[in-house]
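**Q** Be aware that the sequence shown starts at 3, since it is given in our numbering, and climbs by one per residue. From the three backbone atoms N, C-alpha and C, an ideal C-beta is built for every residue, glycine too. If you scroll down you'll find the structure; I have some questions about it.
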Amino acid sequence: MSGKKGMVHYDLATKIEALRLHGEEGISYRIIAERLGIRDPERIRKWISQYRAEGEAGLCKKSSGRPRKKPLSQEAYIQKLEMENELLKKYHTELRKLMPARRDIGLLNTTGEDIQ
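Below you can see the structure in the form of structure tokens.
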């Protein structure tokens, strides 16, 4: 089991057997589910529609969600860090221009004007 609690993944052979039992022998979804140990008989109906739409490939497990990130090569990782470093240096420089130095804070009154 993986994913949600109680979620079961069935192998391709089980799915194909369910399709065969329904298509060739005309057995109902409920009876097929009991025979093959499938929790939800409606799942068989979904497999049939997937099979009709996409063939056997439609029955294979498809990954869902966001694909995993590929690890960066060492060179790409170093380049990324260097770019981040440059960005942080620029940000720090701009921030220092906007903020008064600590030694100058005492010279400012509450209106922000210099006291002479």
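Would a C-beta distance cut-off of 8 Å place K72 and W49 closer than the cut-off?
**A** no
**Q** Leaving out five residues on either side along the sequence, give the residues of the same chain with a beta carbon under 6 Å from the beta carbon of L23.
**A** The residues are I29, I34.
**Q** Helix, strand or coil for G28, going by three-state DSSP, please let me know.
**A** coil
**Q** Is G60 helix, strand or coil when you go by DSSP?
**A** Here DSSP, grouped into helix, strand and coil, assigns G60 to helix.
**Q** Can the beta-carbon of L61 be found closer than 8 Å to that of L14?
**A** yes
**Q** Where does S51 fall in DSSP's three states?
**A** Helix.
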